[in-house]
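Take a look at the structure set out below.
In our numbering, the protein residues as written are 1103 to 1878.
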């Protein structure tokens, strides 16, 4: 599987790089520092435009390049001041970690200084690449963390829903009692006098505005050596993020004086983020931890420079930001766009995010772990690459801050483990579901969950560990990690398949792990089917559709017409049964849009729970004697689904395959926004899967186009470690290059689409004699 060497070069006598036929480099260096320099050089060589976009995104200067379309993103970034926290993070790192970032920056700038032919994007926009700094790497880490830490959006949505929904509807959707606005301090002034509705705040420009990282999920699981044929432990990992061209990941093999790391680097960083060395392998999933809170601040009525905290008035920290905005193209025919001047404030809780919006009556500030000083997350990743066993692995992760990650682990002795890492606040006086009153000094963060109390496992009796963004602690765990874990469906399915493999073969193999990573069975769909199949069809077409579903096993494969009928039906059912009954208010546009989006994204698990527990909250079955939940809405929405499928694919039901109406789009920033050029940069493939299959695939409906997937596995890795050998399989979602005019731009995409893998394996373990001197 491993391809012949296609390229080789030496940057120094003892720093050489060999590149295979898929563009994957193997770095061989006399020092670890030179490995990190080579990483910067390679990322610049293959992803210079991506680095430029990343740097401009984090600094809030995209508008200089893309014009007013990027203004919302820039305003959001400027309000957060990510470079301030990045500078603080750099100051907290060890000399070795700092040196690695500086060497990486030197490598990027070396490639730029050598005056290579620049990617055509620089000529298109008429700019030269910015030099890279160590702080740029840490600022991009903040962006990555921000998009895996989006609880404040949930707080906004739930606050909106509390104003719009009835108490019964709110409880059915969220599984909790609708809050009292007075009790939760939403919309009240410091003295208790009511202010305007919370839904008057315009959050249309405040969300996950970062290109390429908007949604997060992941699967990571391990199998202990005692369950495999040769005693080797196995690790599998496939992080789910927004699909983009190029991928945010870059495959690499690193060999320095001590360093022996192989796997997936994150563009912008010099180390392997998920992968292995010669002793251990590691992967991870988002913990979906609640690490953000919104505080409703109370400015002083006669002095807006002050805000209330406890019994005292504190002064807002103020600053002015200037954003340069490029005129729309063709710029020569446009008037110059005046600079955008922002007056921004900060409180003891964090930046005031409502200063970025106009006509807002309330002042909300954001607390986020990622904005706290002294972030040592990079230190943790750096040291994980040198870890040699469970003890040193856990010690390294004790320095991890954000985003909160479920790390899984294997070693060459057959051991497996799981460690929750990241700082999670311990709240006083509230749970973090809704914005709370900033003037109440009793509400806030007073400490973080102690690292030795974070969830972990080592060699559990069942012989495997599964992490799929599901609840990672028991119900009686004494701390709050999250109010919004993912559905347990993916984790249940992975566990089910491991157990089935054990029963059938007596052991778990890499081939079985491949099949698990690419599995397309939806357990929630299987649970829902019995409720749907008892419906009495009213037309011949309904009867044919229900008969097709009776023969279906819940697999969301590309060739399944039943999968199309089920998914399209459930989309229409949610709109009919759950969106329409909500009494939206014409003067609450912002709240309406946010709540509609949330309800439309309901999971099949939520649909099942409402249908089986309290369907009468939404459904009106007044004219029929049929005792089935929501049967009128189900039959009506089935008609809508069948009509839509006929418009999309014609009258032959066998041709309504899921892959014919469901496709994944790999977007390119910024070129997907430009008709006529996006076809050069963007890629599209037919896909199976749904949000609750192991092989995750979301979908949004686009009129006349169908169901568009923008989110899924961004790479897949499988690592098998044994005493004297390693098997390492991988596939990136696109390719190693950022240039659409180079074959490595998308050469991995066909393999990714087909569930195939490439190899990073080696035949033996090369352990440097001084490993223990560096491993901490």
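Beta carbons are placed, not taken as given, at the ideal position from N, Cα and C, and that holds for glycine. As the structure is a computational prediction, the values presented were derived from the model and not from experiment.
Asked	Found
8 Å Cβ cutoff met for residue 1699 and residue 1349	no
Three-state secondary structure (DSSP) of residue 1687	coil
Straight-line gap, residue 1722 to residue 1535 (C-alpha atoms, nearest Å)	30 Å
Burial state of residue 1091 (16 or more Cβ within 10 Å)	Because the chain spans 1103 through 1878 in this model, residue 1091 falls outside it and cannot be assessed.
Cα-Cα separation, residue 1200 to residue 1140	16 Å
Cutoff 7 Å; reference residue 1643; Cβ partners in own chain excluding five residues on either side	1744
Where residue 1260 falls, given that 16 or more other Cβ within 10 Å makes a residue buried	buried
Of the residues 1162, 1748, 1480, the one placed nearest residue 1197, counting alpha carbons only	1480
Element boundaries [alpha helix (DSSP H), containing residue 1137]	1134 to 1161
Beta-carbon proximity list for residue 1688, same chain, < 8 Å, skipping 5 on both sides	none
Own chain, CB closer than 6 Å to residue 1293, minus 5 neighbours either side, in chain order	Any reading at residue 1293 must be qualified, since the residue scores a pLDDT of 39, below 50, and its modelled position is unreliable; no value is offered.
Contacts around residue 1116, its chain only, beta-carbon distance under 6 Å, and the 5 residues preceding and following it disregarded	1132
Proximal residues to residue 1829 (C-beta, below 6 Å), its chain only, five neighbours per side dropped	1822, 1863
The segment 1452 to 1469 touching the segment 1389 to 1402, judged by at least three CB pairs closer than 8 Å	yes
Where residue 1632 sits in the DSSP three-state scheme	helix
Delimiting residues of the beta strand (DSSP E) encompassing residue 1673	Unbroken run through residue 1673 is the alpha helix (DSSP H), 1663 to 1676; no beta strand (DSSP E).
8 Å Cβ cutoff met for residue 1188 and residue 1244	yes
Alpha carbon of residue 1739 to alpha carbon of residue 1568, nearest angstrom	36 Å
The segment 1576 to 1586 contacting the segment 1517 to 1533, beta-carbon criterion three pairs below 8 Å	yes
Residue 1393, DSSP secondary structure in three states	coil
Sequence-distant residues of the same chain with beta carbon closer than 6 Å to residue 1145, five excluded per side	1369
Element boundaries [beta strand (DSSP E), containing residue 1449]	1442 to 1449
Neighbourhood of residue 1546 by C-beta distance below 7 Å, restricted to the same chain and skipping five residues each side	1530
Cross-strand partners of residue 1485 (DSSP beta bridge)	In the DSSP output, where bridge partners are listed per residue, residue 1485 has none listed.
Contact under 8 Å by Cβ, residue 1848 with residue 1761	no
Simplified DSSP state of residue 1110, which is helix, strand or coil	strand
Separation of residue 1587 from residue 1319, as counted between CA atoms	10 Å
Residue 1347 in three-state terms, based on DSSP	strand
Exposure label - residue 1865; buried when at least 16 CB within 10 Å	Any answer about residue 1865 is weak, because its pLDDT of 41 lies below 50 and its placement is not dependable; what the coordinates show is given next. Answer is exposed; the Cβ neighbour count stays below 16.
Member of 1736, 1367, 1522 whose CA lies at the smallest distance from the CA of residue 1671	1736
DSSP state of residue 1697 mapped onto helix, strand, coil	helix
Close-in-space but distant-in-sequence residues of the same chain around residue 1156 (CB under 8 Å, 5 per side omitted)	1238, 1242, 1245, 1369, 1370
Span of the alpha helix (DSSP H) around residue 1530	Residue 1530 -> not in any alpha helix (DSSP H); beta strand (DSSP E) instead, spanning 1527 to 1530.
N-terminal and C-terminal residue of the alpha helix (DSSP H) that residue 1128 is part of	Unbroken run through residue 1128 is the beta strand (DSSP E), 1127 to 1131; no alpha helix (DSSP H).
Pair within 8 Å by beta-carbon distance, residue 1658 and residue 1795	yes
Touching by the beta-carbon criterion (3+ pairs, under 8 Å), the segment 1412 to 1423 and the segment 1379 to 1390	no
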